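**Student:**
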Amino acid sequence: DAGITQSPRYKITETGRQVTLMCHQTWSHSYMFWYRQDLGHGLRLIYYSAAADITDKGEVPDGYVVSRSKTENFPLTLESATRSQTSVYFCASSELVGRGNEQYFGPGTRLTVT
Amino acid sequence: KNQVEQSPQSLIILEGKNCTLQCNYTVSPFSNLRWYKQDTGRGPVSLTIMTFSENTKSNGRYTATLDADTKQSSLHITASQLSDSASYICVVSARYGGATNKLIFGTGTLLAVQP
Numbered sequence: 098d099a100g101i102t103q104s105p106r107y108k109i110t111e112t113g114r115q116v117t118l119m120c121h122q123t124w125s126h127s128y129m130f131w132y133r134q135d136l137g138h139g140l141r142l143i144y145y146s147a148a149a150d151i152t153d154k155g156e157v158p159d160g161y162v163v164s165r166s167k168t169e170n171f172p173l174t175l176e177s178a179t180r181s182q183t184s185v186y187f188c189a190s191s192e193l194v195g196r197g198n199e200q201y202f203g204p205g206t207r208l209t210v211t
Numbered sequence: 023k024n025q026v027e028q029s030p031q032s033l034i035i036l037e038g039k040n041c042t043l044q045c046n047y048t049v050s051p052f053s054n055l056r057w058y059k060q061d062t063g064r065g066p067v068s069l070t071i072m073t074f075s076e077n078t079k080s081n082g083r084y085t086a087t088l089d090a091d092t093k094q095s096s097l098h099i100t101a102s103q104l105s106d107s108a109s110y111i112c113v114v115s116a117r118y119g120g121a122t123n124k125l126i127f128g129t130g131t132l133l134a135v136q137p
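Line by line, the protein sequences give chains A and B. Everything in the first sequence is counted per my numbering, starting at 98 for the first residue and increasing by one. Everything in the second sequence is counted per my numbering, starting at 23 for the first residue and increasing by one.
#1: Quick one: give me the first and last residue of the beta strand (DSSP E) that B:PHE74 is part of.
#2: Please list, in chain order, the chain A residues whose beta carbon lies closer than 8 Å to that of B:PRO66.
#3: With a cut-off of 7 Å, does the C-beta of A:GLU199 fall near any C-beta of chain B?
#4: How would you call B:THR92, buried or exposed, if buried means at least 16 neighbouring beta carbons within 10 angstroms?
#5: Note down, in chain order, every chain A residue with its Cβ under 9 Å from the Cβ of B:PHE52.
#6: In chain B, which residues lie with their C-beta within 9 Å of the C-beta of A:GLY205?
#7: Compute the distance between the beta-carbons of B:ASN46 and B:GLU27, then report whether it is under 7 Å.
#8: Spatial neighbours of A:ARG106 within its chain, please: C-beta separation below 8 Å, excluding the five flanking residues on both sides.
#9: Does any CB atom of chain A fall closer than 7 Å to the CB of B:GLY82?
#10: For B:GLU27, report the span of its beta strand (DSSP E) as first-last.
#11: With respect to the beta strand (DSSP E) encompassing A:TRP131, which residues constitute its N-terminal and C-terminal limits?
#12: Does any CB atom of chain A fall closer than 7 Å to the CB of B:THR129?
#13: DSSP beta-bridge partners for A:THR152?
#14: Can you tell which of B:ASN24, B:GLY65 and B:TYR84 has its C-alpha closest to the C-alpha of A:VAL185?
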C-alpha cells in the first residue's frame with residue numbers, strides 16, 4: 098500500500114536551472130494537487146488537476162508548470178528556478194473535491210535554490 | 023478575504039496534560055472545517071472533518087468543536103503523549119460552483135509535549 102509518494106525528498110539546485118518534482122499515487126484518485134509550505138504561511142495551492150490532461154492554476158502558479166498524462170502521476174516543473182522558490186513542496190490527491198472529501202498528502206520535497 | 027487564523031502559534035505542555043488549540047476563520051461560503059496533524063518532515067494527516075451541521079467530532083484523544091455562528095473551532099487533546107508533538111493545522115473549505123472546493127490553510131500551532 099504505497100499511497101502517495103514524492104521524489105526526490107531533498108533537492109538542491111542553482112538559480113536558473115530547471116527542476117522537476119515527481120508525485121505518484123496508487124489509489125487512482127481523480128484529483129491531484131501541488132502545494133508549497135513556507136514559514137509564516139499556510140500551505141498554498143500551486144496547481145491542481147481534476148483528471149488526466151486537465152489542469153488548473155491555484156493561488157501561486159507563477160514560475161511553475163504541471164502536466165498529467167497519466168492519472169497516477171502529476172509532475173511539477175520549475176522551468177527556471179529562483180531563490181523565492183526555496184520551499185517544501187507537497188503533493189496531495191483526493192477522489193473527489195467537494196463536501197468532506199479527504200486530501201491525502203505525500204511526504205514532501207524540500208527544495209533549496211542557491 | 024478568506025482567512026484562517028490559529029492560536030497560539032506554539033505551545034509547550036507536559037506529558038499527560040490536556041490542551042486546546044484555537045482556530046478562527048472568515049471563509050465564505052463555508053463548506054467544512056478540517057484539522058490536520060503534521061509531524062516534522064512529513065505531510066499533513068487528517069484528524070477530523072466537520073460540516074456546518076456538526077459541532078463536535080472525536081478521533082481518539084482528539085476532539086474538535088465547531089461553532090459556525092461565531093466561526094470558531096477548537097481542537098482539544100486529552101492526556102497528551104510525546105507522539106502528539108507536531109504542528110496542528112486548521113483548514114477551512116470554501117464551497118464554489120460544481121465540485122470544486124477551495125482549501126484555506128491556517129499557519130498551524132506547533133505543539134511540543136515534554137516528558
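For every residue, glycine included, the Cβ atom is placed at its ideal position computed from N, Cα and C. Just so you know, these numbers come straight off a predicted model, no measurement behind them.
**Tutor:** Per the coordinate set shown:
#1: No beta strand (DSSP E) holds B:PHE74; DSSP gives it neither H nor E.
#2: LEU140, PHE187 and PHE202
#3: yes
#4: Exposed, by the Cβ-count rule.
#5: Listed along chain A, no residue sits closer than 9 Å to B:PHE52 by beta-carbon distance, the nearest being about 11 Å off.
#6: GLY63, ARG64 and GLY65
#7: yes
#8: Excluding the 5 residues flanking it on each side, A:ARG106 has same chain C-beta neighbours closer than 8 Å at PRO204, GLY205, THR206 and ARG207, in chain order.
#9: No, because no Cβ of chain A sits closer than 7 Å to the Cβ of B:GLY82.
#10: Taken as a continuous stretch (DSSP letters only), the beta strand (DSSP E) holding B:GLU27 covers 25–29.
#11: 128–134
#12: yes
#13: A:SER146
#14: B:GLY65
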